[in-house]
Every structure is written in C-alpha cells, then in structure tokens.
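S.K.:
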Amino acid sequence: MILTWKLWRALLTPPVHHPLFRWIGSQPSPGFQGLVTLIGPVGMSLLVGLVALGIWHDPYHIMPLLLNPSVAAVIGFLLFTGTVYGLIWATTICALFKRLRESGQYDLLLLAPSTALTINWAICTGLLYRSQSFTRINRQRARITHLLLMLTTILFIPLLLGLSAGHEPYINEMLSIIIHIMTLTFAFQVDHIQSIIMGTLVGLNVPQWLPQMPDARLLAGVIFLMLQLTSYLLSWWIGFEALPQIIMLDSHLNAFGLPVLRVVVFCICREAMIAALWHLLIHRLHLQPAPVDGLIPHR
211 MILTWKLWRA LLTPPVHHPL FRWIGSQPSP GFQGLVTLIG PVGMSLLVGL VALGIWHDPY
271 HIMPLLLNPS VAAVIGFLLF TGTVYGLIWA TTICALFKRL RESGQYDLLL LAPSTALTIN
331 WAICTGLLYR SQSFTRINRQ RARITHLLLM LTTILFIPLL LGLSAGHEPY INEMLSIIIH
391 IMTLTFAFQV DHIQSIIMGT LVGLNVPQWL PQMPDARLLA GVIFLMLQLT SYLLSWWIGF
451 EALPQIIMLD SHLNAFGLPV LRVVVFCICR EAMIAALWHL LIHRLHLQPA PVDGLIPHR
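Under the working numbering, the residues of the sequence shown are numbered 211 to 509, in order.
Right under this line is the structure:
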C-alpha cells in the first residue's frame, strides 16, 4: 500500500503554481463529466443513509437481505463507484494528451526545463482539479465514510447492552455486523482511492505507449475496466474461495478474521496493478528510479 498512499498524497497536493496546472485547470469541463461528478456522490450519500437507517431499524431482516448475492452485487456496484470516476479520468486524461500530441503542443511542452514526468503530472492534475471536480468528489466521499463510521458507533450501543445481559449469541452477531461494516467502510474508501489512481495511470500510459492509436480514449477505458474487473474477481476468488481452504479457523475466528483478511487481499491485488502501471509509465518516460516523492511540491 506504500505506492498507493504516495501517489494519493501526490494527487491531493497538486502543483498548483505550475503554469500547466493553471492552464489546464482554467479550461471548461465537459458537461457529462461535471454532471456525473456532481450527482454521483449525492446519490451514494442517499443510498448509504437509507441502508444505515434500515440496519439500525431492523438489522435481523436487513442484514440477510444485504448478504443476498443479487442485492449485494447491485449495492456493491453502486457503492464502489470509484470505477465510474476512474473510468472518467482514464478516458478524459487520455483524450487530453492525445489532443495535445496531435496539435504538436505536447512536443513543445517537453522542451521546457521540467522533467517529462513533472509536465505530464501537472497536465494530469490540472484536469482532475478542473472545475473543482476532484475536490468535490473527495468531499462527498468523506461524508459517506463518516456516515458508515457513525453507523458503526451507533451499533456499539446494542452491543454494550448485550454484554451487560451476558447474551453470547447476540453479542457474537452484533460483533460480526460491526466488523463487516468496518471492513466494508475501509474497502469502500480504498477502492475509491485506488480506482482514481489506476484511472489516472491508465490515462497517462496509453498515449505514451500508443501515440498513434486512433481510438486511444476507447482503449484507455477498456484497459481500465479490464484491470478493475480482474482485480475484483481475483480478490473474490482468493478471499472467498482460497482463503477459507488455506486458513482453517474455528467459527468465531472465521466470522471475525476472514473479513479483515479479505480486505487485505483486495488492497494487495490492486496495489500490484498500480505498481505495474507506475513502472510502465516511468520506463516509457526513461526515468530511473521512479521519483514518486518528487511529484509532491515543496511547501
């Protein structure tokens, strides 16, 4: 997760004083991109709020419903909309660099004293922060995370009541619900972060490796979606099929330990993909070693 957090920190602290960042950031956003980045987080907030109210009001009926594969798939897709935002960034970043290359501006920009990575990063982050899209998405995402954490805190009240009554089956059930919500919250946040990083790196890589590709934007979208789907399926297979067979735990440890291990597997699988995309970009730009820390402006 080290590379993920370094790149995320670099995205959160863009080169705001760089002329290219200001130039790209001052341009108007496409209408579709602005609409999705505005409505998407609001819809997710409402969805999480409704689910939280349902669990609080009637957990015995809501939790089995959420664990139903069909319902879980729909809600999971809606919650893990980092895929939607990552797809937007992958295609729009790729399209921007493709346009700059076709107009000859990109080759001129490379004549500047900055490194190729610095120039690419300034253009890329300028696009992300254009019309405050990146800031707005992260702010709404933080609100959703806070809602889930509040739900977890509220669920500690019936847990304490169960402890005082000494009702062990009820205590185990409440602990299981709390652990699942906490691990889901963490996975929810990490998915958002890693999806945006992956989308950004795909958008940067495709124009570098295939500068003459006529449908580069479409290819960037397909590559990003394939990486996302592969990471989800691989994490699912390892976490839900392989892990229970490899790690033989008793029923209590299975209920409490497996959710945590599954999130760890999820993070590691996606970290490996991010590392591969990052090193592909660095190799194409002929930079060694990969200077991640150099992307963060000095204050």
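The beta-carbon is built from N, C-alpha and C at its ideal position, and this holds for glycine as well. Just so we're clear, the structure is a prediction, and the values are computed from it rather than from any experiment.
Do you know offhand how far T301's Cα is from G431's?
M.R.: Taking the straight line joining both Cα atoms gives about 6 Å.
S.K.: Cα-Cα, which of V226, I457, R311 and P238 is closest to P424?
M.R.: Measuring from the Cα of P424, the nearest candidate turns out to be R311.
S.K.: Given a cut-off of 8 Å, decide if L222 and G336 are closer than it, judged by their beta-carbon atoms.
M.R.: Taking 8 Å as the Cβ cut-off, G336 and L222 do not qualify as a contacting pair.
S.K.: Need the endpoints of the alpha helix (DSSP H) that L437 sits in, please.
M.R.: A426 to W446 is the extent of the alpha helix (DSSP H) around L437.
S.K.: Taking the alpha carbon of Q438 as the point to measure from, which residue in I457, W215 and M408 has its own alpha carbon closest?
M.R.: Checked all of I457, W215 and M408; the closest Cα to Q438 is M408.
S.K.: Contact check, C479 vs S441 under 8 Å by CB: the rounded distance?
M.R.: Correct: roughly 5 Å between the Cβ atoms.
S.K.: What residue from I354, N348 and H496 has the CA that sits closest to R219's CA?
M.R.: When only C-alpha atoms are compared, the closest one is N348.
S.K.: Check each candidate in Q422, I448, N415 and S343 and name the one with the smallest Cα separation from I433.
M.R.: Selected option, being the one with the closest Cα: N415.
S.K.: Compare the Cα-Cα distances from V474 to each of W299, D401, R353 and R346 and report the closest residue.
M.R.: Closest by alpha carbon: D401.
S.K.: Between the alpha carbons of I391 and W299, how many angstroms are there, rounded?
M.R.: Spanning the two alpha carbons is a distance of roughly 29 Å.
S.K.: On the premise that A332 lies in contact with H228, defined as a C-beta separation below 8 Å, what is that separation, rounded to the nearest angstrom?
M.R.: Right, their Cβ atoms sit about 4 Å apart.
S.K.: What does the alpha-carbon distance come out to for the pair P417 and C304?
M.R.: Cα to Cα, the separation comes out at about 6 Å.
S.K.: Could you tell me which of Q237, T293 and S236 sits nearest to F398, measuring between CA atoms?
M.R.: The residue with the shortest Cα to Cα distance from F398 is T293.
S.K.: Do you know offhand how far I457's Cα is from T393's?
M.R.: Taking the straight line joining both Cα atoms gives about 19 Å.
S.K.: Please determine, among T355, W419 and I406, the residue with the shortest C-alpha to C-alpha distance to L338.
M.R.: If we check each option's Cα against that of L338, I406 comes out closest.
S.K.: Is the Cβ-Cβ distance between F450 and S386 less than 8 Å?
M.R.: Cβ distance not < 8 Å, so F450 and S386 don't count as in contact.
S.K.: Any chance the CB of L230 is under 7 Å from a heavy atom of the ligand COA?
M.R.: The ligand content of the structure shown is nil, which means the ligand COA is not present either.
S.K.: Which residue from L359, I234, I506 and L411 puts its Cα closest to that of E481?
M.R.: Answer by Cα proximity: L411.
S.K.: Return yes when the Cβ of L453 is within less than 8 Å of the Cβ of R472, no when it is not.
M.R.: Yes; because the gap between Cβ atoms is below 8 Å, this pair is in contact.
S.K.: With distances taken from CA atoms, which of I506, W233 and Q350 is nearest Y295?
M.R.: It is Q350 whose Cα lies nearest to the Cα of Y295.
S.K.: Considering P421, what are the terminal residues of the alpha helix (DSSP H) in which it resides?
M.R.: Where P421 is concerned, there is no enclosing alpha helix (DSSP H), given that its DSSP letter is neither H nor E.
S.K.: Roughly how many angstroms separate the alpha carbons of H489 and L497, rounded to a whole number?
M.R.: H489 and L497: Cα-Cα distance of roughly 9 Å.
S.K.: Here's the rule I'm using: 16 or more other beta-carbon atoms within 10 Å means buried, otherwise exposed. How should S313 be labelled?
M.R.: It is exposed - the Cβ of S313 has fewer than 16 other Cβ atoms within 10 Å.
S.K.: Since I believe L213 is in contact with V470 (beta carbons under 8 Å), could you give me their beta-carbon distance rounded to a whole number of angstroms?
M.R.: Not a contact, Cβ separation roughly 22 Å.
S.K.: Starting from T335, follow the alpha helix (DSSP H) in both directions and report where the run begins and ends.
M.R.: Residues A326 to L338.
S.K.: Between the Cα of G413 and the Cα atoms of F344, L429, M211 and I403, which residue gives the shortest distance?
M.R.: Ranking the options by Cα distance to G413, first place goes to L429.
S.K.: For T395, I'd like the list of residues in its chain whose CB is within less than 8 Å of its CB, leaving aside the five on either flank, ordered along the chain.
M.R.: Excluding residues within five positions, the ones whose Cβ falls inside 8 Å are T355, L358, L359 and T362.
S.K.: Just confirm the distance between the C-beta atoms of L495 and A326, as a whole number of angstroms; I'd bet it's less than 8 Å.
M.R.: Right, the Cβ-Cβ distance comes to about 5 Å (below 8 Å), so this counts as a contact.
S.K.: Roughly how many angstroms separate the alpha carbons of E211 and A486, rounded to a whole number?
M.R.: Note that residue 211 corresponds to Met in the displayed sequence, not to Glu. Straight-line Cα distance between these residues: approximately 13 Å.
S.K.: Please check the pair Q404 and I506, which I expect to be a contact at CB under 8 Å, by giving their CB distance rounded to whole angstroms.
M.R.: Contact flag wrong, Cβ pair sits at about 19 Å.
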